[in-house]
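The listed protein sequences derive, respectively, from chains A and B. Counting in the numbering used here, the first sequence runs without a single skipped number right up to 228 at its last residue. Counting in the numbering used here, the second sequence runs without a single skipped number right up to 473 at its last residue.
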Amino acid sequence: MNYDFDVIARSWQYLFKEGMTFTLTLTALSMVGGVVLGTALALMRLSPIKPLSAFAGAYVNLMRSLPLVLVIFWFFFLVPWLGAWILGSKDPIKVGAFASALITFTLFEAAFFCEIMRAGIQSIPSGQISAAYAIGLNYRQAMSFVVLPQAFRNMLPVLLTQSIILFQDTSLVYVISSTDFLGAASKVANRDSRLLEMYTFAALVYFVICSLASWGVRRLQARTAIIR
Amino acid sequence: MHATLHFQNVSKWYGDFQVLDQCSTQVNKGEVVVVCGPSGSGKSTLIKCANGLEPFQKGSIHMDGLSVGDAATNLPQLRARIGMVFQHFELFPHLSVTENLTLGQLKVLNRSAEQAREKALGLLERVGLSEHANKFPGQLSGGQQQRVAIARALAMDPVAMLFDEPTSALDPEMVSEVLDVMVQLASEGMTMMVVTHEMGFARKVAHRVIFMDQGRIVEDCSRDEFFGAPRSARAQEFLSKILSH
């Protein structure tokens, strides 16, 4: 058997400019969206108002009980109808694969970020909230200026680790035929019949990026440990 | 009602356990009142009820005529007018010393950044910590942190100050630097309610001493009366234990 690693050189522009850009954009946007929505869910879960905490609890439970591939598929077909229902239109609205994937990953990851932020908020001693209230801050101000910044800082390594998992999970968009990095590699592999070379290369790229990111998180963790 | 703080028959329960039992007292303007008693006597709980950090079930507390327990009272507004210092300092660790002092001024009093900063630096000078203005709380000693905490409360220009065991968590050699700041405050006429075991401080600056035991105010009298001839056997016993060494 002869190997042809030249296939990488021939296709790298397509692989990275299209594939990797899609993967990184999807990862970054769903991470931001997931953290924002997850934080809101965490505050709801910790709320003394029963319906709010029950809703957030049920949402997290639902998302964590479903396989991600199923959710990606499900939302791909559900979102157009949901959009139509919201806009009051008779026909399903057109939602691109990227938008559909972004909505799915944001909603799915929010459940995981919710649990991380909940732990982060609960790790802040209650005395901090008392002190915030004592200078006259209200609940919203106490959360935004005292509790959440600290919770976020404490949880940053875990949030980033979850984001590395998210980066890998975005490859599942192949089920809705989106061209992420793995999707691009797989298309080239099939076109040029270079399956082994392309998948090996793709594995190497994922390995390098994730290892570097994990190393970065560990360094960050060591640094924040000293500050505290 | 001319008292700055007025407690009337305040009772509080944690489930079945009664922590405060019909507590009535007051703190007048310019007065320094020391609250003492054995641990678990409810003194910290009483002081936390004064600015609504702890809810209570029966009775009433008025701060400058405003009812603390009333649901219609704007608690954040009320709390902004009464400073509080905690046993464990509770400085905000993610903010610099100066930012700790400006947060409330900016967000609650809506002062300009310049005004707030000026006020903060002035107060830091007053508590002798000017050179630490840009440090973070974690870089300061316990005594220094507690002085910053006092300055943070003073930055809001409070009408009264509550102290909840301000020296209990400090190493012995740091107690006096904090007490010195409190003595200075008292001499300037600040209205103060202080939960503490520091009987030296009480002797020096307190106008009145309240002694609590098992959720009840057992003794509420002038300083001289308290140290000279406490009426209750429980206070006598407490004093003999705390002053014997």
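Yeah, the Cβ is synthetic: ideal placement off N, Cα and C, and Gly gets one too.
Tell me the rounded alpha-carbon separation between residue i and residue j.
i	j	result
R436 (chain B)	E401 (chain B)	27 Å
N279 (chain B)	F429 (chain B)	23 Å
L306 (chain B)	L26 (chain A)	47 Å
L15 (chain A)	A28 (chain A)	18 Å
T200 (chain A)	S214 (chain A)	21 Å
H234 (chain B)	V422 (chain B)	15 Å
A379 (chain B)	V355 (chain B)	7 Å
L220 (chain A)	A99 (chain A)	32 Å
I445 (chain B)	G216 (chain A)	58 Å
R345 (chain B)	T326 (chain B)	7 Å
T424 (chain B)	V387 (chain B)	20 Å
M229 (chain B)	R140 (chain A)	Its pLDDT being 47, under 50, M229 (chain B) is placed unreliably by the model, and nothing is read from it.
W81 (chain A)	V95 (chain A)	10 Å
D399 (chain B)	I310 (chain B)	27 Å
T23 (chain A)	F320 (chain B)	38 Å
R118 (chain A)	L43 (chain A)	7 Å
W241 (chain B)	V296 (chain B)	17 Å
G265 (chain B)	E453 (chain B)	16 Å
S130 (chain A)	F152 (chain A)	19 Å
I470 (chain B)	A461 (chain B)	14 Å
L160 (chain A)	N154 (chain A)	12 Å
K363 (chain B)	L331 (chain B)	16 Å
Considering residue i, what are the terminal residues of the alpha helix (DSSP H) in which it resides?
i	result
K432 (chain B)	M427 to V433
M31 (chain A)	T21 to R45
K90 (chain A)	It is not in any alpha helix (DSSP H) - K90 (chain A) carries neither H nor E in the DSSP assignment.
M420 (chain B)	That residue, M420 (chain B), is in no alpha helix (DSSP H); its beta strand (DSSP E) goes M420 to V423.
A300 (chain B)	Looking at the DSSP string, A300 (chain B) is not in any alpha helix (DSSP H), and its letter there is neither H nor E.
V158 (chain A)	L148 to D169
V409 (chain B)	P400 to S415
N362 (chain B)	No alpha helix (DSSP H) contains N362 (chain B), which DSSP labels as neither H nor E.
N61 (chain A)	K50 to S65
V188 (chain A)	F181 to D192
Can you give me the start and stop residues for the beta strand (DSSP E) that residue i sits inside?
i	result
E109 (chain A)	First-last for E109 (chain A): A97 to Q122, but that is the alpha helix (DSSP H), not the beta strand (DSSP E).
F439 (chain B)	R436 to D441
Y242 (chain B)	A231 to Y242
T253 (chain B)	F245 to N256
E447 (chain B)	R444 to S450
D392 (chain B)	A388 to D392
M291 (chain B)	K286 to M291
M312 (chain B)	I310 to V313
V261 (chain B)	V260 to C264
On the criterion of 16 or more Cβ atoms from any shown chain inside 10 Å, does residue i qualify as buried, or is it exposed?
i	result
S272 (chain B)	buried
Y133 (chain A)	buried
G88 (chain A)	exposed
D441 (chain B)	buried
A203 (chain A)	exposed
S340 (chain B)	exposed
S11 (chain A)	buried
K276 (chain B)	buried
E465 (chain B)	exposed
Starting from the C-beta of residue i, find all residues in its chain whose C-beta is less than 7 Å away, skip the five residues before and the five after it, and write them out in chain order.
i	result
E359 (chain B)	none
F108 (chain A)	M63, L68 and V71
Q254 (chain B)	A231, L233, H234 and F235
L467 (chain B)	P458
G371 (chain B)	L398, M402, E405 and V406
Using only CA atoms, which one of the options lies nearest to residue i?
i	options	result
Q315 (chain B)	B:V403, B:S295 and B:Q343	B:V403
A383 (chain B)	B:V263, B:C449 and B:Q333	B:Q333
S30 (chain A)	A:V173, A:Y174 and A:T104	A:T104
E416 (chain B)	B:S239, B:V260 and B:D244	B:V260
G268 (chain B)	B:F391, B:V247, B:E282 and B:G243	B:V247
P283 (chain B)	B:A341, B:G350, B:V238 and B:A434	B:V238
A299 (chain B)	B:F317, B:A308 and B:Q285	B:Q285
D292 (chain B)	B:E465, B:M389, B:V411 and B:L357	B:M389
L41 (chain A)	A:A101, A:I121, A:F76 and A:L166	A:I121
G33 (chain A)	A:P125, A:T106, A:L52 and A:F75	A:T106
R451 (chain B)	B:F439, B:A463 and B:A434	B:A434
Once the 5 residues before and after residue i are set aside, which same chain residues still bring their CB inside 6 Å of it?
i	result
L37 (chain A)	A110
V35 (chain A)	F113
A58 (chain A)	none
Q236 (chain B)	S252, G287 and S288
V158 (chain A)	I116
K257 (chain B)	T232 and T419
Once you ignore the five residues that flank residue i on each side, which residues in its own chain have a CB closer than 8 Å to its CB?
i	result
R194 (chain A)	D4, V7 and V188
F73 (chain A)	V175 and I176
A361 (chain B)	S324, V325, T326, A348, L349 and L352
Q373 (chain B)	F317, L319 and P365
E197 (chain A)	Y3, D4, F5, V7, I8 and A189
May I ask you to check if the CB of residue i is nearer than 8 Å to at least one heavy atom of the ligand PLP?
i	result
S295 (chain B)	The ligand content of the structure shown is nil, which means the ligand PLP is not present either.
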